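What follows is a set of notes on a single structure, which appears directly below.
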Amino acid sequence: MEIGELKNLAKSQMKGNTGILIISNLIFTVLTMLIPIIQIISNTELNSVLKFIIMILVQPLFLGIAYIHYNCTLDGQVVKLADLFYGYRENLKRQGIVYVIKSMITYLMTSSLVTLATTIIMILKPNQAVVPIIMAIVIFIPSFILQTYLSQIYYIMVCNKELKGTEVLKDSMLMMRGRLIEYIGITLSFVPWLILDIFTFKLASIWVNPYKNQTLANYFNKVKKEYYKKSENVIA
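Okay, so the sequence shown: first residue is 800 according to this note's numbering, each after it adds one.
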């Protein structure tokens, strides 16, 4: 299934559920925006503690938004606004394990890349105009690749409640192996919408966010079918 087909399918699935998808994505965005807001208004010590606490509290919302959009891919499945809080009713221990391991991997990788980029800059002593380019190449690209490999964890948790936290992470990484260019293609296909979002002072995101998330849910269905055909795991 091509990117255009995934996006067209997303549009058709949103019909009849548009209101719920828009409202749930708005609530999700507002609640997850608490973290950067706290970073702005709080001092450093309080900032770190509050950020950690709030991240723990809002993590189930990521599972909830994945649950809503995945259900929209299923024929005859009723989607409710209350589904946004689905994660709070599920295995919180497993979610915590996934979040902690994911955060540790991300932190260790980012710290190592920052050190590497700093070392390269100190050795090469490039022109100041080149520094951002080096930082982008050394830090952003590997970080994006890592997040791509971890991008399916919430959908996997929705579909398979029996998998342990470590197995969820493993399956996401294996599922996305060899699909980096494919995932980049989907991401880039929304760039025009993101530009429109800027010019409309974020108003376009009211529709763009549900549209993008629904497209990604369809993409998960695509890679899930291909991956689990070759795997002993059974997924709903």
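Ideal placement from N, C-alpha and C gives every residue a C-beta, glycine not left out.
Quick caveat, the model's predicted, so the values are computed rather than measured.
query                                                                                                          : result
Cβ neighbours of Ser1004 in the same chain (closer than 6 Å, five flanking residues each side left out)        : Asp996
Host alpha helix (DSSP H) of Ile952 (start-end)                                                                : 952-958
Alpha-carbon to alpha-carbon, Ala916 and Tyr906                                                                : 15 Å
Helix, strand or coil at Leu891 according to DSSP, with G and I counted as helix                               : helix
Cβ neighbours of Tyr948 in the same chain (closer than 6 Å, five flanking residues each side left out)         : Met972, Met975
Per-residue DSSP class, three states only, for Val1022                                                         : helix
Residue burial classification, Leu805 (beta-carbon count within 10 angstroms, cutoff 16)                       : buried
CB-CB length for Cys871 against Gln812, believed under 8 Å                                                     : 5 Å
Residue range of the unbroken alpha helix (DSSP H) whose run includes Gln946                                   : 940-948
Reference Phe827; option with closest CA among Phe851, Val913, Ala809, Tyr885                                  : Tyr885
Phe804 in three-state terms, based on DSSP                                                                     : Reading off the sequence shown, one finds Glu at residue 804, where the question assumed Phe. DSSP places Glu804 in helix when its eight states are reduced to three.
Buried/exposed call for Met832, threshold 16 Cβ in 10 Å                                                        : exposed
Touching by the beta-carbon criterion (3+ pairs, under 8 Å), the stretch 890-908 and the stretch 954-963       : yes
Ala881 classed as buried or exposed, judged by whether at least 16 other C-beta atoms fall within 10 angstroms : exposed
Short Cβ contact (8 Å threshold) for Lys901 with Leu968                                                        : yes
Met956 versus Met800: straight-line alpha-carbon distance, rounded                                             : 23 Å
Coarse secondary structure for Ala1016, derived from DSSP in three states                                      : helix
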